[in-house]
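There are 4 protein chains.
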Amino acid sequence: MFPIAPELHAAEWLNTAKPLSLQQLRGKVVAIYAFQMLCPGCVSHGIPQAKSIRATFDEKDVAVLGLHSVFEHHAVMNRAALEAFVHEYRIGFPVAIDQPSPHGPIPLTMEEYQLRGTPTLILIDRQGRLRLSHFGRAEDMQVGALIGQLVAEAAPQQAQCDDEACSIR
Amino acid sequence: MFPIAPELHAAEWLNTAKPLSLQQLRGKVVAIYAFQMLCPGCVSHGIPQAKSIRATFDEKDVAVLGLHSVFEHHAVMNRAALEAFVHEYRIGFPVAIDQPSPHGPIPLTMEEYQLRGTPTLILIDRQGRLRLSHFGRAEDMQVGALIGQLVAEAAPQQAQCDDEACSIR
Amino acid sequence: MFPIAPELHAAEWLNTAKPLSLQQLRGKVVAIYAFQMLCPGCVSHGIPQAKSIRATFDEKDVAVLGLHSVFEHHAVMNRAALEAFVHEYRIGFPVAIDQPSPHGPIPLTMEEYQLRGTPTLILIDRQGRLRLSHFGRAEDMQVGALIGQLVAEAAPQQAQCDDEACSIR
Amino acid sequence: MFPIAPELHAAEWLNTAKPLSLQQLRGKVVAIYAFQMLCPGCVSHGIPQAKSIRATFDEKDVAVLGLHSVFEHHAVMNRAALEAFVHEYRIGFPVAIDQPSPHGPIPLTMEEYQLRGTPTLILIDRQGRLRLSHFGRAEDMQVGALIGQLVAEAAPQQAQCDDEACSIR
Numbered sequence: 001m002f003p004i005a006p007e008l009h010a011a012e013w014l015n016t017a018k019p020l021s022l023q024q025l026r027g028k029v030v031a032i033y034a035f036q037m038l039c040p041g042c043v044s045h046g047i048p049q050a051k052s053i054r055a056t057f058d059e060k061d062v063a064v065l066g067l068h069s070v071f072e073h074h075a076v077m078n079r080a081a082l083e084a085f086v087h088e089y090r091i092g093f094p095v096a097i098d099q100p101s102p103h104g105p106i107p108l109t110m111e112e113y114q115l116r117g118t119p120t121l122i123l124i125d126r127q128g129r130l131r132l133s134h135f136g137r138a139e140d141m142q143v144g145a146l147i148g149q150l151v152a153e154a155a156p157q158q159a160q161c162d163d164e165a166c167s168i169r
Numbered sequence: 001m002f003p004i005a006p007e008l009h010a011a012e013w014l015n016t017a018k019p020l021s022l023q024q025l026r027g028k029v030v031a032i033y034a035f036q037m038l039c040p041g042c043v044s045h046g047i048p049q050a051k052s053i054r055a056t057f058d059e060k061d062v063a064v065l066g067l068h069s070v071f072e073h074h075a076v077m078n079r080a081a082l083e084a085f086v087h088e089y090r091i092g093f094p095v096a097i098d099q100p101s102p103h104g105p106i107p108l109t110m111e112e113y114q115l116r117g118t119p120t121l122i123l124i125d126r127q128g129r130l131r132l133s134h135f136g137r138a139e140d141m142q143v144g145a146l147i148g149q150l151v152a153e154a155a156p157q158q159a160q161c162d163d164e165a166c167s168i169r
Numbered sequence: 001m002f003p004i005a006p007e008l009h010a011a012e013w014l015n016t017a018k019p020l021s022l023q024q025l026r027g028k029v030v031a032i033y034a035f036q037m038l039c040p041g042c043v044s045h046g047i048p049q050a051k052s053i054r055a056t057f058d059e060k061d062v063a064v065l066g067l068h069s070v071f072e073h074h075a076v077m078n079r080a081a082l083e084a085f086v087h088e089y090r091i092g093f094p095v096a097i098d099q100p101s102p103h104g105p106i107p108l109t110m111e112e113y114q115l116r117g118t119p120t121l122i123l124i125d126r127q128g129r130l131r132l133s134h135f136g137r138a139e140d141m142q143v144g145a146l147i148g149q150l151v152a153e154a155a156p157q158q159a160q161c162d163d164e165a166c167s168i169r
Numbered sequence: 001m002f003p004i005a006p007e008l009h010a011a012e013w014l015n016t017a018k019p020l021s022l023q024q025l026r027g028k029v030v031a032i033y034a035f036q037m038l039c040p041g042c043v044s045h046g047i048p049q050a051k052s053i054r055a056t057f058d059e060k061d062v063a064v065l066g067l068h069s070v071f072e073h074h075a076v077m078n079r080a081a082l083e084a085f086v087h088e089y090r091i092g093f094p095v096a097i098d099q100p101s102p103h104g105p106i107p108l109t110m111e112e113y114q115l116r117g118t119p120t121l122i123l124i125d126r127q128g129r130l131r132l133s134h135f136g137r138a139e140d141m142q143v144g145a146l147i148g149q150l151v152a153e154a155a156p157q158q159a160q161c162d163d164e165a166c167s168i169r
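Next comes the structure, spelled out in structure tokens:
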């Protein structure tokens, strides 16, 4: 019923020692904020809401990721500028830089997820399924309610297979 | 582990044809806002948050109740004044008037729930158990998250008995 | 060019030892906030703006007055209720209770000033002339700008007469 | 009593066909907002307040200028980035880029005015005198009041001299 969320196409990551994947976050709810550092709505309510999600939920239940999906002013919203932005706005969660496209201004993750713009809040459930893609302002009460319900859903019993065998964790 | 929430002591009700009881709301999450009409914090964020809960959650999952717990200025925060207040502030959910005490300024429900003041948000789960009693300002994100998780909890299978028999619904 | 502001019709006053008159405030800018204690817009921005005017300007330049102009729910917005409201909302400036009309719900000052409702901000210059009557929300920047300009206007040289003589102060 | 405000050291200007000088703005009140595009307090209240000043006062009375005084993250807060910022935040008033110093991170105007940081609101009266240098958040009511009073002050009678003669305008 709900499609599995496709992997992020990240050119680089900030605030994390290693690149992250949705696959390895399976079992947690994942909240992804697609933003641009020069997008007024992202700065005034998207980023504060992302921080509020981070402050409200336990890291073992909910992962919060930023996704810097630049589709305009590419030259000035580069990695160095983003680093200064992340520092000044005290953003502590991992931020992926959406992979630029060789064919046009829309970066790859933004294109695959068919985002309409920034800010967009993407919610993925414990089973890795896409449950929300909301463009524009969302009320804190509604976002809290939705994530709260996703947190309460059971994590999948996953068959985990290695070269030797498969087991239910 | 969680105690059953005691019944409200309501002298009267507004915005409902019949008095309500927690017993009859069993199976739903119940959010109760204890307030006073002349309490600035109640007016600036308690009442708006109660309305936001009402707008966010489905009535079949969450009941929202006001509880007018007057512990000061009793003479002027009477039923007629409360009716004008409820009208002007466009409060659509049922409001109980906390039963005045014959012994002092603290009304009976406020005393039994040991509330510290107004506004206080009380949350009761689908099984009728007291899960939160929060005095003062609460963030929308946190309130949404908590109610969202309570909504996701299973309703109790209740033995319902009438004169003839008992059955599991 | 600007008409002299008519005197207030005050049934009673709060927060002042003696009744006040515009006549005796001549020489100061006078900011009057017409409000009702059960008017949501008055509580959320009118009263805070009145307090901000009081905090911004010097008392020797600007007088701030409340005017409780009740035109609905008369029975519950009485003097005792207003006293509780003034106490809970920490209103420190003088408040006049607009004189009820023997003929209808609109009190006398509200009628003479032809106010459209509450909140209304009335500004009177140092010469006692009516310079603004603004119904509804006004931006702080604009209100500050306007009062600042009125403050900068010269006070009138008044002929002050007593039983003995008249003199220019 | 009040010192004449020193001229701005502008490397470049945005939103104006020609460079501006305080000298040529003499006769108007001048409000200058020193900011950095990656300064959270500048974005959340400094820039909105500057726009509110612009919207409140007449251009013939008050000039509003931005001053991009970069003292950190110099590499990424360059002219191209500022242009994107000015576009996205719909800034319509002229913006001067504070002249970088050959000796350190503090640009020249910031140093001469001894600014403590950004945002700083500088107010200059009709006679070109420095009347306010306020670092950090300022209330709209207070800023409106102060500019309103400066607007009400008389413009100077200036001796204007050309090659032929001097005259009082």
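Residue numbers (full-length UniProt numbering), protein chains in the order written: chain A, 1 to 169; chain B, 1 to 169; chain C, 1 to 169; chain D, 1 to 169. For every residue, glycine included, the Cβ atom is placed at its ideal position computed from N, Cα and C. This one's a predicted model, so the numbers in the text were calculated from it and none came from an experiment.
{"query": "Measure the CB-CB distance between Gly66 of chain B and Gln142 of chain A and report whether it falls below 8 Å.", "result": "no"}
{"query": "Give the C-beta separation of Arg54 of chain C and Val64 of chain C to the nearest angstrom, bearing in mind that I take them to be a contact with Cβ-Cβ under 8 Å.", "result": "5 Å"}
{"query": "Could you tell me which whole alpha helix (DSSP H) segments of length 4 or greater appear in the UniProt domain \"Thioredoxin\" (1 to 152) of chain D?", "result": "22 to 25, 47 to 56, 79 to 88, 108 to 112 and 140 to 152"}
{"query": "Interface residues of chain D around Phe85 of chain A at Cβ under 8 Å?", "result": "Leu38"}
{"query": "Report yes if the C-beta distance between Ile97 of chain B and Glu7 of chain B is below 8 Å; otherwise report no.", "result": "no"}
{"query": "Could you confirm whether any beta carbon from chain B is found closer than 8 Å to the beta carbon of Ser44 of chain A?", "result": "no"}
{"query": "Within 10 Å of its beta-carbon, does His9 of chain A have 16 or more other beta-carbons around it, so buried, or fewer, so exposed?", "result": "buried"}
{"query": "Does Gln127 of chain A have its Cβ less than 8 Å from a Cβ in chain B?", "result": "no"}
{"query": "Pull out every residue of the segment 88 to 102 of chain D whose Cβ sits closer than 8 Å to any Cβ of chain A, in chain order.", "result": "Glu88 and Tyr89"}
{"query": "Exposed or buried, which one is Phe35 of chain B when buried takes at least 16 other CB atoms within 10 Å?", "result": "buried"}
{"query": "For Asp125 of chain B, count neighbouring C-beta atoms within 10 Å of its own C-beta (all shown protein chains included) and say buried if the count is 16 or more, exposed if not.", "result": "buried"}
{"query": "Would you call the segment 97 to 110 of chain B and the segment 66 to 77 of chain B touching, i.e. three or more CB-CB distances under 8 Å?", "result": "yes"}
{"query": "Who are the Cβ neighbours of Ala46 of chain A in its own chain at under 6 Å, not counting the five residues just before and after it?", "result": "In the sequence as displayed, the identity of residue 46 of chain A is Gly instead of Ala. Tyr33, Phe35 and Pro119, listed in sequence order."}
{"query": "On a Cα-Cα basis, can you pick out the residue from A:Pro19, A:Asp61 and A:Phe57 that is closest to Gly27 of chain A?", "result": "A:Asp61"}
{"query": "So the candidates are B:His74, B:Gly148 and B:Gln127; which of them puts its Cα closest to the Cα of Pro102 of chain B?", "result": "B:His74"}
{"query": "What number of angstroms, rounded off, separates the C-alpha of Gln149 of chain C from the C-alpha of Glu153 of chain D?", "result": "9 Å"}
{"query": "Beta-carbon of His73 of chain A versus every beta-carbon of chain D: anything under 8 Å?", "result": "yes"}
{"query": "By a C-beta neighbour count over all protein chains shown, 10 Å radius and 16 as the cutoff for buried, is Gly128 of chain C buried or exposed?", "result": "buried"}
{"query": "Would you please state the rounded distance, in angstroms, between the beta carbons of Ala81 of chain A and Val95 of chain D? I believe it to be under 8 Å.", "result": "Going by Cβ atoms, the distance from Ala81 of chain A to Val95 of chain D rounds to 18 Å, so no, they are not a contact pair."}
{"query": "Between the C-alpha atoms of Leu22 of chain A and Glu112 of chain A, what's the straight-line distance to the nearest angstrom?", "result": "15 Å"}
{"query": "Rounded to the nearest angstrom, what separates Tyr89 of chain C and Pro40 of chain B at their Cα positions?", "result": "7 Å"}
{"query": "Using beta-carbon positions only, say whether Ala138 of chain C and Leu115 of chain C come within less than 8 Å of one another.", "result": "no"}
{"query": "Would you call Gln24 of chain A buried or exposed, if buried means 16 or more other Cβ atoms sit within 10 Å of its Cβ?", "result": "exposed"}
{"query": "Once the 5 residues before and after Val56 of chain A are set aside, which same chain residues still bring their CB inside 7 Å of it?", "result": "According to the sequence provided, residue 56 of chain A is Thr. The question's Val does not apply to it. Cβ within range, chain order: Gly144."}
{"query": "Any beta-carbon of chain B closer than 8 Å to the one on Gly148 of chain A?", "result": "yes"}
{"query": "State the Cα-Cα distance for the pair Pro19 of chain B and Met1 of chain B, rounded to the nearest angstrom.", "result": "29 Å"}
{"query": "Chain A partners of Ala81 of chain D, CB-CB under 7 Å?", "result": "Val76 and Ala81"}
{"query": "Could you check if Ile91 of chain A is buried or exposed, using at least 16 other CB atoms within 10 Å of its CB as the buried criterion?", "result": "buried"}
{"query": "Can you list, in chain order, the residues of its chain with a C-beta nearer than 6 Å to that of Val151 of chain A? Leave out the 5 residues immediately preceding and following it.", "result": "Val29 and Asp61"}
{"query": "Taking 8 Å as the CB-CB cut-off, is Ala145 of chain D touching chain C?", "result": "yes"}
{"query": "Show which residues of chain D have a CB atom less than 8 Å away from the CB atom of Ala63 of chain C.", "result": "Result: empty, since nearest Cβ-Cβ is about 15 Å, beyond 8 Å."}
{"query": "Does Met141 of chain A come within less than 8 Å of chain B when only Cβ atoms are used?", "result": "yes"}
{"query": "In whole angstroms, what separates the C-alpha of Pro3 of chain B from that of Thr16 of chain B?", "result": "27 Å"}
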